[in-house]
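Data first, discussion second: the structure below is written as structure tokens.
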Amino acid sequence: MDWFDSEIWKRHSCGEYCCAVDPALLLSDAPEPIWPGLMSCDLIPVIGNTSGDWLCVRVDEDNRASEVVQWYHGGGDWIPWGSDIAQAIVFDGFIERISADSPRHAVPAVVPRPSGHAERDDRLLHWAFGHMPDGLAESLNTACDSEQVAACLLNAHVSEVAVHCELILKALCHADVDSLQIAIGADAGAIGRNQLTEWAFDISKIPEKHHQQIVSGQHGMKLVEQDWDSAASHAQAVTMLAPQIAWGWDILGYCEERSGRMNQAIDAYSKAASCSVFTDQSVRLNTHWATDAASKFSIERLRQLDESAIEQSEYLLTVSQAENADRRAAVTDYWKKRAAAHLAAEEVADAYECYMAAGWDLGAGPITVYGEILERVYETASQSGQRARAELAATHLRCLTDRYGI
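First residue of the sequence shown: 266, per our numbering; consecutive thereafter.
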């Protein structure tokens with residue numbers, strides 16, 4: 266891999282993700298950058314932002330690096346940032362120009378690079394452009410606005426999922442809960458944060474009384490019209506590019522629901538329900554108002570639209586019927602039983618996927634539970650010929666032992 270062979274990793278970027286991991290550290294028994302349990306065990310952290318977040322390489326079933334994801338330490342959420350390290354670096358270099366007015370997952374840990382000369386002086390970005398389609402660097406540097414920057418990346422098929430996410434945020438996420446609370450004033454305390462979050466997600470849900478308070482009160486704010494057609498288009502693209510990502514299906518399902526196409530909404534929500542909760546970007550997209558009772562936005566919407574869909578699925582029943590405090594344990598047990606059934610049928614690769622879900626569908630707890638999960642992931646990966654995943658699971662297990670004595 267040129268990232269290591271060229272030793273470009275020794276250079277610091279001007280972007281948020283600026284500090285690469287020494288490959289010698291990655292080869293140690295228990296690399297410090299790995300967050301065992303919270304970080305999915307098919308991830309290798311390679312570039313950090315000094316705040317605990319990482320750009321991670323994901324290893325696939327064919328023992329190859331399949332994508333680079335941004336992994337957020339404040340909850341373990343992840344989102345694809347590109348098919349390789351070079352794409353992720355380019356996206357990091359231009360995200361500020363795409364998302365000027367959009368909410369970020371966290372305040373950047375470093376001061377974002379100013380446009381212009383800093384981009385030209387960034388050695389990591391220069392290296393990354395050497396792995397991009399011809400002309401992309403010039404197109405990006407001459408783009409006049411955020412829409413043109415996004416279009417350049419999408420047309421070049423660079424970091425497409427991450428770009429679509431930023432464009433959905435620009436289409437929908439103009440209001441935030443704190444601003445709504447201030448604008449409503451004294452009445453906000455009786456409304457509740459979940460209700461305010463739903464209104465931030467879909468401003469058409471705001472009752473007329475409160476709408477007037479928000480726009481005309483002492484601390485009034487403008488409610489910018491949301492572009493649900495644009496959001497639907499970008500969400501549709503994400504479901505085709507990355508069907509394992511919950512937020513693409515969540516937004517598509519809600520767009521269908523708003524348009525009265527309930528069968529299509531139910532289909533999208535059903536697909537979202539099978540995705541890991543760590544792929545929902547619920548805080549950024551303001552969908553977490555509907556996650557208290559079922560952990561996933563999609564399952565809560567299914568409960569509202571089609572209870573029979575819940576009743577016909579053992580998995581959905583498991584999630585829906587468990588109390589909030591017991592839900593993660595119930596879902597972990599569900600996936601472990603599924604894994605055992607696959608092993609009995611000699612379907613080892615399927616058992617591997619179930620053990621991964623046992624750890625990273627809703628997450629597992631307490632942290633000690635991950636000892637057995639990582640052991641089973643290692644065993645099934647080894648038995649199914651997934652050598653790289655097996656070694657990586659073993660490394661995560663050693664990190665777990667090193668940190669927590671498990």
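Here a beta-carbon is modelled for each residue, glycine too, at the ideal position from N, C-alpha and C.
Reference residue i, options the options, closest by Cα
i    : options                : result
G395 : A436, A365, Q352       : Q352
C270 : A289, V333, Y282       : Checking the sequence, you will find Asp at residue 270 rather than Cys. When each option's Cα is compared against that of D270, the closest is A289.
D294 : Y669, G670, H661       : H661
R566 : Q577, E579, S585       : S585
D387 : P398, S278, Q335       : S278
H475 : D494, I447, A502, W493 : I447
A622 : Q509, G525, W514, L550 : Q509
V286 : G302, S305, L303, T315 : T315
M397 : A421, E272, C540       : A421
K601 : R668, V324, S578, L639 : L639
I299 : H338, C283, N328       : H338
S283 : Q546, D267, L320, E272 : Going by the sequence as given, residue 283 is Cys instead of Ser. Taking only the C-alpha atoms, the option nearest C283 is L320.
A365 : W392, E326, V428       : V428
E494 : H484, R523, T504, G482 : The displayed chain sequence assigns Asp, not Glu, to residue 494. With distances taken between Cα atoms, D494 lies closest to R523.
E272 : E326, E297, W392       : W392
G340 : A595, E576, S541, A610 : S541
P345 : G630, E588, I471, T504 : T504
D557 : M527, E588, Q577       : E588
Q548 : E463, G400, M527, D667 : Reading off the sequence shown, one finds Val at residue 548, where the question assumed Gln. Comparing Cα positions, the closest option is E463.
L419 : P472, E473, A595, A502 : A502
Proximity of residue i and residue j at Cβ, strictly below 8 Å
i    : j    : result
G280 : D357 : yes
A436 : A496 : yes
V414 : F359 : yes
E332 : G347 : yes
W554 : N459 : yes
V355 : S424 : yes
D307 : L665 : no
V613 : S560 : no
L627 : R652 : no
D515 : F562 : yes
L506 : V426 : yes
A511 : T544 : yes
L405 : R276 : no
Y635 : G302 : yes
L581 : I564 : yes
S411 : I363 : yes
V324 : R654 : yes
L461 : A453 : yes
Whole-angstrom C-beta distance between residue j and residue i, which should lie under 8 Å
i    : j    : result
I433 : A533 : No, I433 and A533 are not in contact; Cβ-Cβ is about 14 Å, not under 8 Å.
G450 : Q478 : 7 Å
V642 : Y620 : 5 Å
T645 : A616 : 5 Å
I531 : A574 : 6 Å
L291 : I309 : 7 Å
C430 : Q335 : With a Cβ gap of about 10 Å, C430 and Q335 do not count as contacting.
N- and C-terminal bounds of the alpha helix (DSSP H) containing residue i
i    : result
I564 : 562–570
A436 : 425–437
C664 : 652–669
W268 : 267–270
V584 : 579–586
D626 : D626 -> no alpha helix (DSSP H), and no H or E assigned at all.
V635 : The sequence given here places Tyr at residue 635; Val does not occur at that position. Segment 634–648, the alpha helix (DSSP H) holding Y635.
Y534 : 527–538
Q352 : 350–363
C520 : 511–523
L389 : 388–394
W464 : 458–466
T250 : With the chain running from 266 to 671 in the structure shown, residue 250 is simply not present.
T504 : 493–506
L292 : L292 -> no alpha helix (DSSP H), and no H or E assigned at all.
T597 : 592–609
V542 : Careful: V542 lies outside any alpha helix (DSSP H) and carries neither H nor E.
E473 : 473–481
V414 : 411–420
A448 : 442–449
Endpoints, the beta strand (DSSP E) within which residue i is located
i    : result
C321 : 319–324
Q335 : 330–336
P345 : 343–347
V311 : 308–313
Test: residue i CB closer than 8 Å to a CB of chain B
i    : result
R652 : This model lacks chain B altogether; it includes just one protein chain.
Legend entry - Stretch-stretch touch, CB-based, cutoff 8 Å, three pairs: the region 430–449 with the region 478–488: yes
Inset, instruction - Give a yes or no on contact between the region 557–573 and the region 598–613, applying the rule of three or more CB pairs nearer than 8 Å. - result: no
Inset, instruction - May I ask you to verify whether the region 589–605 touches the region 509–529, counting CB pairs closer than 8 Å and requiring at least 3? - result: no
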